[in-house]
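Chains A, B, C and D, in that order, are what the protein sequence lines are. For what it's worth, our numbering labels the leading residue of the first sequence as 55, then goes sequentially. For what it's worth, our numbering labels the leading residue of the second sequence as 55, then goes sequentially. For what it's worth, our numbering labels the leading residue of the third sequence as 55, then goes sequentially. For what it's worth, our numbering labels the leading residue of the fourth sequence as 55, then goes sequentially. Think of the CB as a built atom: it goes at the ideal place given N, C-alpha and C, for glycine as much as any other residue. Source: prediction; values computed, not measured.
Protein chains: 4
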Amino acid sequence: MLKIPFTKKKINNNNEFNDLGFGTQVAQQRSINSNGSFNVKKKGLSYFRLDDLYTNLITMKWSYFIILVLAFYTFINIVFAGIYLTIGIEHLKGVTGTTSRDHFFDAFFFSAQTISTVGYGHISPEGFYTSLVAALESLMGVIVFAVITGLLYGRFSAPKAKILYSDNAIISPYKDGKALMFRIANIRSNQLIEVEVEVIIGVNINENDKIVRRFYSLELERKKVSFFPLSWTIVHPITEASPIVNFNNTDMADAELEIMILIKAFDDTYSQIVHSRKSYFYDEILWDKKFISIIKQDENGKSILELNNINLMESSPL
Amino acid sequence: MLKIPFTKKKINNNNEFNDLGFGTQVAQQRSINSNGSFNVKKKGLSYFRLDDLYTNLITMKWSYFIILVLAFYTFINIVFAGIYLTIGIEHLKGVTGTTSRDHFFDAFFFSAQTISTVGYGHISPEGFYTSLVAALESLMGVIVFAVITGLLYGRFSAPKAKILYSDNAIISPYKDGKALMFRIANIRSNQLIEVEVEVIIGVNINENDKIVRRFYSLELERKKVSFFPLSWTIVHPITEASPIVNFNNTDMADAELEIMILIKAFDDTYSQIVHSRKSYFYDEILWDKKFISIIKQDENGKSILELNNINLMESSPL
Amino acid sequence: MLKIPFTKKKINNNNEFNDLGFGTQVAQQRSINSNGSFNVKKKGLSYFRLDDLYTNLITMKWSYFIILVLAFYTFINIVFAGIYLTIGIEHLKGVTGTTSRDHFFDAFFFSAQTISTVGYGHISPEGFYTSLVAALESLMGVIVFAVITGLLYGRFSAPKAKILYSDNAIISPYKDGKALMFRIANIRSNQLIEVEVEVIIGVNINENDKIVRRFYSLELERKKVSFFPLSWTIVHPITEASPIVNFNNTDMADAELEIMILIKAFDDTYSQIVHSRKSYFYDEILWDKKFISIIKQDENGKSILELNNINLMESSPL
Amino acid sequence: MLKIPFTKKKINNNNEFNDLGFGTQVAQQRSINSNGSFNVKKKGLSYFRLDDLYTNLITMKWSYFIILVLAFYTFINIVFAGIYLTIGIEHLKGVTGTTSRDHFFDAFFFSAQTISTVGYGHISPEGFYTSLVAALESLMGVIVFAVITGLLYGRFSAPKAKILYSDNAIISPYKDGKALMFRIANIRSNQLIEVEVEVIIGVNINENDKIVRRFYSLELERKKVSFFPLSWTIVHPITEASPIVNFNNTDMADAELEIMILIKAFDDTYSQIVHSRKSYFYDEILWDKKFISIIKQDENGKSILELNNINLMESSPL
């Protein structure tokens with residue numbers, strides 16, 4: 055039986071956090087994955103949607119993207135090679151091969167030279183149909199590579215806040231009591247300014263003998279910083295007003311406590327608002343720990359931010 | 055005679071919704087089409103405006119866009135073929151055709167090879183004028199395909215909130231009374247966050263024996279969600295304070311009631327604010343219905359959103 | 055002597071409008087031109103600034119832009135033709151001309167074929183230096199046309215609110231008194247939503263026997279509309295609280311009254327906030343006029359907005 | 055011993071400025087460099103990060119960018135020349151050179167003609183492997199130049215507020231007392247509107263016998279202007295409420311006073327919010343000075359902004 059410290063009345067006051075789009079149904083998994091994506095599967099999306107295709111091509115890994123481009127290039131050249139062979143290899147002037155394998159590769163490489171618009175011309179189209187197909191292929195080449203230009207620009211320029219989070223949230227001594235903390239830093243070279251953070255917890259609670267999932271906002275010592283050149287330790291002081299004031303380690307597991315974090319910032323390099331999400335599940339919360347500062351000064355007094363030490367902490371019993 | 059439940063005083067209080075840009079004139083058609091576009095025709099726009107041309111090229115269907123590109127490519131090559139023929143086919147070195155039909159196609163395909171910059175070179179320009187036209191055509195080719203690159207990027211990257219709405223708004227039992235509801239889900243793979251919704255109704259009312267169109271905002275159970283990974287049922291409780299508290303099905307038809315919906319969200323993938331509009335006309339409102347949940351859990355407890363069931367409802371007499 | 059109806063105290067209350075970035079110095083010209091640009095000249099800007107170059111290339115007229123591209127293409131080809139001739143025309147294999155004029159054009163067109171990457175190959179570079187220059191020129195071609203691609207995309211996609219304003223502001227009868235009005239409509243096919251308007255006047259006033267320029271905000275009947283599918287007449291009721299309550303036609307001329315308008319809207323097609331500025335000088339204000347509605351309905355009851363009639367008004371003595 | 059005029063209570067009231075992301079640790083250097091960048095070094099960033107690579111390529115100087123492109127072009131052609139030579143120079147049809155140096159350059163220029171897709175064709179690939187490498191190289195060329203297109207567009211279009219600041223902040227006579235002032239102007243041809251400014255000071259103060267760094271916001275005579283066509287002198291009146299009311303020149307040095315400025319504006323040309331940062335260290339503050347107006351009028355009464363005179367001031371003892 056959970057010792058959830060809310061009165062019915064308190065829940066009403068915090069009404070706006072009762073449903074954040076997750077519903078009240080108790081799931082057996084976390085709502086937000088550790089990397090910030092939502093742990094939800096959509097069914098009924100058609101498999102090939104152009105909008106989503108673009109989004110996927112923009113957000114997929116570079117290695118996949120390159121393999122896809124190579125595969126597409128190979129595939130399209132095979133298709134056009136087939137068309138040129140069907141019309142007749144004799145319409146490709148300058149072809150020297152004699153076997154049908156040679157002919158295929160001649161047509162294949164002619165296609166590659168056409169679609170990339172390199173067009174050396176040692177092989178050239180002759181006759182109406184071959185010329186027409188070549189004309190369409192070079193148009194297609196220009197369009198395909200226009201698409202690739204757009205995709206590459208989209209991939210590079212899509213604003214992304216790359217916030218580095220400490221691997222764990224910790225419960226630390228804080229003033230006369232304790233606090234829930236985690237630490238963040240900006241690992242990109244862009245400047246982030248006006249950084250705001252919102253922390254929400256999801257817990258299973260017993261409401262009228264029914265287990266439901268409820269969501270509460272956590273009060274923070276500081277919600278916003280104007281600059282973010284260094285690291286920032288976000289602190290929720292566990293005072294009497296805190297929804298988790300009576301929780302110990304076991305209570306958190308029982309309630310399947312999930313700490314969900316939204317960070318909103320202005321990316322000064324790209325002049326766009328960026329967001330970052332993160333979630334700590336109950337088993338990623340460490341007790342009796344304290345962060346060690348990762349800001350040092352070099353011999354000239356210049357501040358150094360040691361990003362590799364973001365998880366550096368020491369034991370600090372409450 | 056309509057039983058519009060507003061007092062004069064109430065209207066004044068809701069003053070800011072009396073005119074939303076639609077005026078007070080009673081139209082015989084809905085203000086916003088079902089797909090969210092405005093049901094208004096503009097007269098006096100010049101037929102060819104470059105700004106609107108771009109907007110149209112960005113927003114037209116893919117099939118039309120591709121046909122347009124092919125038509126343009128064909129047209130421009132015909133024009134340049136004409137120019138080359140006018141200057142003289144003998145200035146195209148390497149031409150082998152003998153009939154004037156052959157000559158036209160030689161010039162046509164040379165033009166295609168020039169504008170796409172593939173330039174095989176088995177046909178090449180000779181003499182000042184042909185070289186000059188070819189130089190201008192290749193410049194034009196580069197520019198035209200720069201435009202296509204821009205258009206394709208514009209088409210792909212234009213942020214669009216693709217909100218899936220239930221086909222009908224419904225009047226459902228809600229707590230001790232009833233409520234007007236409709237359901238939405240995000241059908242794209244982009245994440246939408248900070249989703250806000252505004253619902254406004256337009257009704258014809260009898261004001262000093264003159265029928266005028268008035269607009270009122272509807273109070274919602276929840277106006278905003280922080281996350282939107284699942285579906286969201288938007289609920290307007292029909293309490294005594296609701297402008298439509300005394301309406302039955304016939305009253306809605308008499309008043310030509312239109313429910314207009316504005317959704318505003320932050321697209322987390324493209325870091326841009328997106329909007330979606332929707333309208334339900336009085337004949338798209340169903341009574342005595344209730345939505346059935348479209349969120350399921352798979353064997354591992356992961357939430358599944360079944361988009362195909364967005365309209366799933368059951369009978370539920372008030 | 056002006057009958058400016060402000061007390062010292064009132065000015066203090068409206069303090070935030072005393073200086074809008076124009077200062078208090080009395081100018082002999084309007085602050086904002088009729089088309090919305092600021093009537094200010096900057097001295098000391100370096101003549102060639104890359105940032106401004108881009109802005110200028112994006113915002114210049116299409117006809118100038120095209121002339122500039124053609125001029126640049128001609129110029130760069132003349133420069134490279136000169137380089138090829140300097141190295142020696144004999145290094146351009148395939149050249150057939152015999153006079154130096156022929157040689158120049160051979161080099162010129164070879165350059166054009168290289169920079170546009172069309173590269174027919176009937177003329178080709180031979181020898182180290184010519185090959186090197188051609189390699190650099192083709193690189194330059196690719197880069198130059200990348201720039202053109204960016205410029206064209208920038209030109210097309212730059213969000214622009216094209217608000218159509220009535221040519222004149224008018225003083226109309228309004229309720230029991232009079233009001234200052236002007237009318238706007240959206241002439242683009244993009245949808246504008248959440249349109250906000252701010253109206254500020256600039257007047258010369260006598261302050262401690264010194265003529266200074268002061269700026270005041272005008273109260274509007276409606277500051278914002280959610281939708282903007284039709285036209286919108288913006289109304290400043292000239293009540294006792296209005297700064298211009300005691301002004302007649304002559305007073306406006308004496309005070310060199312300027313009405314400055316800022317419109318802010320969300321462009322729903324491009325998902326960006328757009329602004330529009332406009333100014334009416336005292337001699338663009340008509341008295342005793344009334345706008346005639348430009349919204350009609352076609353035979354099916356669909357609303358028609360007649361943009362050409364934006365200035366349609368009739369006499370209406372106060 | 056510093057005469058910091060804050061009471062403990064006052065600091066609490068200004069609580070939100072006690073930590074702006076810089077921490078309370080006393081550094082021996084300024085927090086923000088004179089050009090607005092943060093004076094912080096990050097350690098632990100991996101040396102090659104694609105995100106940062108893009109950001110760096112977008113923000114690096116033009117001269118470096120051009121050198122980088124040339125170096126990359128040379129390098130990639132050397133690599134491909136090596137590959138073609140390894141496969142065998144005899145597979146490049148049309149090669150005329152006889153020495154291995156000639157062969158290298160033939161392969162090098164063939165590579166350049168392939169990657170730029172100019173493809174004259176006087177040298178053309180023969181045989182499977184050479185054709186394959188050429189096909190891949192032309193694909194790579196198209197992609198590389200797509201990247202360059204994106205980079206150039208990114209470089210040009212990245213919104214940048216280019217605010218010109220006076221080189222020094224000054225302490226001037228102001229009304230009956232004195233004020234801290236600095237002057238700004240917009241040196242770009244874009245229009246900035248809705249310009250907001252925030253001024254924060256960082257000082258070392260003695261708190262419980264420990265020197266810590268504290269940050270305070272300064273009250274401004276005006277925080278925002280709607281238009282910014284001219285120059286703007288930002289004024290902090292040094293009243294009793296000011297944190298620096300008791301500071302003289304020496305106190306500022308002792309406290310290592312740093313004035314940090316954030317400017318936020320809407321760029322009307324690109325429809326984006328832009329920021330600018332600036333910092334004045336204590337040794338950049340001049341006492342007993344007064345700015346001279348840089349706004350003149352030409353013979354027609356048009357306002358002229360003389361940007362070169364931004365630092366123009368005269369002696370003005372308090």
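Within the same chain, and ignoring the five residues on either side of Gly-181 (chain D) in sequence, the residues whose Cβ sits closer than 7 angstroms to its Cβ are His-145. Note on the region 171–247 of chain C: whole beta strand (DSSP E) runs with a minimum of 3 residues are 217–219, 223–228 and 231–240, in chain order.
Between the beta-carbon of Glu-312 (chain C) and that of Phe-335 (chain C) there is about 6 angstroms, and that keeps the pair under the 8 angstroms contact cut. Among the bridge pairs identified by DSSP, Leu-316 (chain B) is matched with B:Glu-252 and B:Arg-331. Cβ contact annotation for Leu-274 (chain C) (same chain, cutoff 8 angstroms, sequence separation greater than five): Val-251, Val-253, Ile-288, Val-289 and His-290, in chain order. The region 269–317 of chain A is shown to contain whole alpha helix (DSSP H) runs of 4 or more residues at 303–308, in chain order. Contact between the region 340–357 of chain B and the region 194–201 of chain B is not established, with fewer than three Cβ pairs separated by less than 8 angstroms.
No Cβ of chain C is located within less than 9 angstroms of the beta carbon of Thr-150 (chain A).
In this structure the region 314–331 of chain C touches the region 322–332 of chain D; the number of beta carbon pairs closer than 8 angstroms is three or more. Contact annotation for Gly-355 (chain B) against chain D: no contact, minimum CB-CB distance about 34 angstroms [criterion: below 9 angstroms]. Neighbourhood of Thr-168 (chain A) in chain B, by CB distance below 7 angstroms: Val-172, in chain order. For Arg-209 (chain A), same chain residues with a beta-carbon under 6 angstroms away, outside a window of 5 residues either side, are Ile-112 in chain order. The beta carbon of Gly-175 (chain B) falls within 9 angstroms of a beta carbon belonging to chain D, placing the residue at that interface. Arg-237 (chain D) and Ile-364 (chain D) do touch by the CB rule: their CB atoms are close to 6 angstroms apart, below 8 angstroms. Membership of Ser-357 (chain C) in the beta strand (DSSP E) is indicated by the continuous run 357–360.
Counting only unbroken stretches of 3 or more residues, the beta strand (DSSP E) elements lying wholly within the region 79–143 of chain B are 94–97, in sequence order. In the three-state reduction of the DSSP assignment, Glu-353 (chain D) falls in the coil class.
Bounds of any beta strand (DSSP E) do not take in Ile-364 (chain C), whose DSSP letter is neither H nor E.
A direct Cα-to-Cα measurement between Asn-262 (chain D) and Arg-268 (chain D) gives close to 13 angstroms. In the same chain as Ser-226 (chain C), and ignoring 5 residues on each side of it, the C-beta atoms closer than 7 angstroms to its own belong to Lys-232, Ala-233, Met-235, Lys-343, Lys-344 and Ser-370, in chain order.
Between the beta-carbon of Ser-285 (chain D) and that of Gly-90 (chain D) there is about 19 angstroms, and that puts the pair past the 8 angstroms contact cut. Distance between Thr-171 (chain C) and Thr-171 (chain B), taken at the CA atoms: about 6 angstroms.
Chain C places a beta carbon closer than 9 angstroms to that of Thr-203 (chain A), counting this residue as a contact. Residue nearest to Asp-337 (chain A) within the set A:Ser-357, A:Thr-304 and A:Lys-356 is A:Thr-304 (criterion: CA-CA distance). In the structure shown, Asp-321 (chain B) adopts extended strand secondary structure according to DSSP, grouped into three states. At the C-beta level, Ile-346 (chain D) and Leu-366 (chain D) come within 9 angstroms of one another. Per DSSP, the beta bridge partners of Ser-369 (chain D) are D:Lys-343.
DSSP lists C:Asn-258 as the beta-bridge partner residues of Arg-267 (chain C). Sorting C:Gly-148, C:Ile-169 and C:Leu-205 by C-alpha distance to the C-alpha of Leu-122 (chain C) places C:Leu-205 at the top. The C-alpha of Leu-107 (chain C) is placed about 40 angstroms away from the C-alpha of Thr-153 (chain C). Boundaries for Asp-337 (chain C): no alpha helix (DSSP H) harbours it, and the DSSP string shows neither H nor E there. For Leu-193 (chain A), at least one C-beta of chain B is nearer than 9 angstroms to its own C-beta. Residue environment: Val-133 (chain A) is assigned as exposed (fewer than 16 neighbouring CB atoms within 10 Å of its CB, all protein chains considered). Under the criterion of beta carbons closer than 8 angstroms, Thr-109 (chain C) and Asn-244 (chain D) qualify as touching, at roughly 6 angstroms. Your pair Val-279 (chain D) and Val-249 (chain D) checks out as a contact, with CB atoms roughly 5 angstroms apart and the cut at 8 angstroms. Within the same chain, Cβ atoms closer than 8 angstroms to the Cβ of Lys-147 (chain D) are found at Ile-177, Ser-178, Pro-179 and Glu-180, the five residues on either side in sequence being excluded.
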